[in-house]
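What follows is a set of notes on a single structure, which appears directly below.
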Amino acid sequence: MTSPVLRLDGVSKQFNDGDETIQALAETDLSLNRGEFVGILGPSGSGKSTLLTIMGGLRTPSTGEVIIDDQPFSALPEKKRARMRFAKLGFVLQASGLVPFLTVGDQFVLHGKVDHAPLDRARRDELLESLKIPHYVDAYPGDLSGGERQRVAIATALYHDPEIVLADEPTASLDTEKAFDVAEILADQTHSRGKCTVMVTHDERLVDHCDRVLKMADGVLTEITNHEPKRDVSGPVLSEVGTGPLLRAAAKSLWNRH
Numbered sequence: 001m002t003s004p005v006l007r008l009d010g011v012s013k014q015f016n017d018g019d020e021t022i023q024a025l026a027e028t029d030l031s032l033n034r035g036e037f038v039g040i041l042g043p044s045g046s047g048k049s050t051l052l053t054i055m056g057g058l059r060t061p062s063t064g065e066v067i068i069d070d071q072p073f074s075a076l077p078e079k080k081r082a083r084m085r086f087a088k089l090g091f092v093l094q095a096s097g098l099v100p101f102l103t104v105g106d107q108f109v110l111h112g113k114v115d116h117a118p119l120d121r122a123r124r125d126e127l128l129e130s131l132k133i134p135h136y137v138d139a140y141p142g143d144l145s146g147g148e149r150q151r152v153a154i155a156t157a158l159y160h161d162p163e164i165v166l167a168d169e170p171t172a173s174l175d176t177e178k179a180f181d182v183a184e185i186l187a188d189q190t191h192s193r194g195k196c197t198v199m200v201t202h203d204e205r206l207v208d209h210c211d212r213v214l215k216m217a218d219g220v221l222t223e224i225t226n227h228e229p230k231r232d233v234s235g236p237v238l239s240e241v242g243t244g245p246l247l248r249a250a251a252k253s254l255w256n257r258h
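Heads up: the sequence shown at position 90 corresponds to 90 in the UniProt record's numbering, and the numbers run straight through without jumps.
Shown next, in the form of structure tokens:
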């Protein structure tokens with residue numbers, strides 16, 4: 001039997017607020033496999049983004065361990081954790097995370113510089129083609145719609161061929177049609193490329209695209225066992241834009257590397 005690509009063993013997180021200890025994430029065990037598109041559903045403040053930042057090594061758990069490919073991850077020193085993060089993980093953020101003064105093509109150059117690698121034009125072009133945006137290579141983020149920017153963000157997240165993709169409210173600022181489009185793209189890329197993708201969302205309709213759905217409430221994670229993936233979904237997307245803790249944590253991590 002193939003071992004899970006991502007495993008959480010007894011992971012929890014507490015924060016201190018003066019004399020009070022806040023339990024942001026109760027003790028959690030979870031195993032995720034390649035080729036799975038997993039949705040984590042819950043309102044703002046439920047703990048789902050805390051869980052995602054711990055999965056991504058952007059926060060360390062108070063107890064327990066995150067295991068990636070049978071290798072300890074969260075207990076590594078920050079520099080080693082950052083190297084493993086870049087090698088194994090890709091991030092899709094709710095605000096796309098694109099640098100506004102760089103063209104779409106240059107976003108990939110920037111990713112290569114972080115890893116001290118030359119631009120792989122064939123890889124870049126294949127990703128843009130698969131996401132149906134090859135003609136935007138010379139465009140700037142400001143020239144694109146919200147949905148197009150998120151397609152570019154997905155392409156850059158997949159550029160270094162990570163095994164795991166973490167998506168934090170990737171559709172929060174999009175209208176209904178574009179939101180479902182992004183969720184379907186994530187599902188398609190997960191299955192066609194054999195990735196493990198975890199998407200945090202507040203919108204129940206979007207998880208119809210997911211293979212598994214987990215629900216977060218008051219820091220407690222449970223799995224919805226009767227979930228069946230669907231493809232034809234419609235209806236308004238709830239207009240709740242989160243505060244983007246994964247974006248802030250990722251930016252802090254990148255800053256601390258230099």
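Note that beta-carbon positions come from the ideal geometry of N, C-alpha and C, so glycine has one too.
These figures come from a predicted structure and were not determined experimentally.
Roughly how many angstroms lie between the CA atoms of residue i and residue j, to the nearest whole one?
| i | j | result |
| --- | --- | --- |
| S234 | T176 | Because S234 sits at a pLDDT of 40, beneath the cut-off of 50, its placement in the model cannot be relied upon, and the point is left open. |
| A179 | L144 | 15 Å |
| L127 | R151 | 10 Å |
| H13 | H111 | Correcting the residue identity first, residue 13 is Lys in this sequence and not His. Going from the Cα of K13 to the Cα of H111 covers about 30 Å. |
| K48 | E169 | 10 Å |
| G39 | S31 | 13 Å |
| L102 | L221 | 39 Å |
| K88 | D17 | 33 Å |
| R7 | I67 | 5 Å |
| E78 | Q71 | 15 Å |
| I54 | M216 | 15 Å |
| P229 | R212 | 8 Å |
| D120 | L76 | 30 Å |
| A24 | H135 | 43 Å |
| V182 | E27 | 31 Å |
| T2 | E36 | 13 Å |
| L166 | G90 | 6 Å |
| R59 | V198 | 17 Å |
| I133 | A117 | 23 Å |
| R124 | V99 | 17 Å |
| A139 | L206 | 29 Å |
| E129 | V137 | 10 Å |
| E65 | L52 | 14 Å |
Cβ atoms of residue j and residue i: under 8 Å apart, would you say?
| i | j | result |
| --- | --- | --- |
| R34 | C210 | no |
| D69 | E163 | yes |
| Q94 | A172 | yes |
| Q189 | L158 | yes |
| R85 | G57 | yes |
| T63 | G10 | yes |
| G194 | A153 | no |
| L174 | G146 | yes |
| H227 | P43 | no |
Apply the 10 Å Cβ neighbour rule to residue i and answer buried if 16 or more other Cβ atoms are within range, or exposed otherwise.
| i | result |
| --- | --- |
| residue 266 | The requested residue 266 is not part of the displayed model; the chain covers only 1 to 258. |
| K252 | Residue confidence for K252 is low, a pLDDT of 46 falling below 50, so the modelled location carries little weight and cannot support an answer. |
| I224 | exposed |
| V200 | buried |
| H160 | buried |
| A155 | buried |
| S46 | buried |
| S192 | exposed |
| W219 | It should be pointed out that residue 219 corresponds to Gly in this sequence rather than to Trp. Per the 10 Å Cβ criterion, buried. |
| F15 | exposed |
| S74 | buried |
| V114 | exposed |
First and last residue of the alpha helix (DSSP H) that includes residue i?
| i | result |
| --- | --- |
| I154 | 146-158 |
| Q107 | 104-114 |
| Q189 | 176-193 |
| T50 | 48-55 |
Along the beta strand (DSSP E) that carries residue i, what are the first and last residues, could you check?
| i | result |
| --- | --- |
| R212 | 212-217 |
| L131 | Note, L131: premise wrong, no beta strand (DSSP E); not H, not E. |
| V220 | 220-223 |
Return the bridge partner residues of residue i from the DSSP annotation.
| i | result |
| --- | --- |
| R7 | S31, I67 |
| Q14 | Q23 |
| G90 | V165 |
| G39 | M199, V213 |
| P72 | I67 |
Does the CB of residue i have a neighbour CB from chain C at under 8 Å?
| i | result |
| --- | --- |
| V220 | The structure shown has no chain C; it contains just one protein chain. |
Given the structure, does residue i come close to the ligand SAM, in the sense that its CB is under 7 Å from one of the ligand's heavy atoms?
| i | result |
| --- | --- |
| L186 | The ligand SAM is not part of this structure, which contains no ligands at all. |
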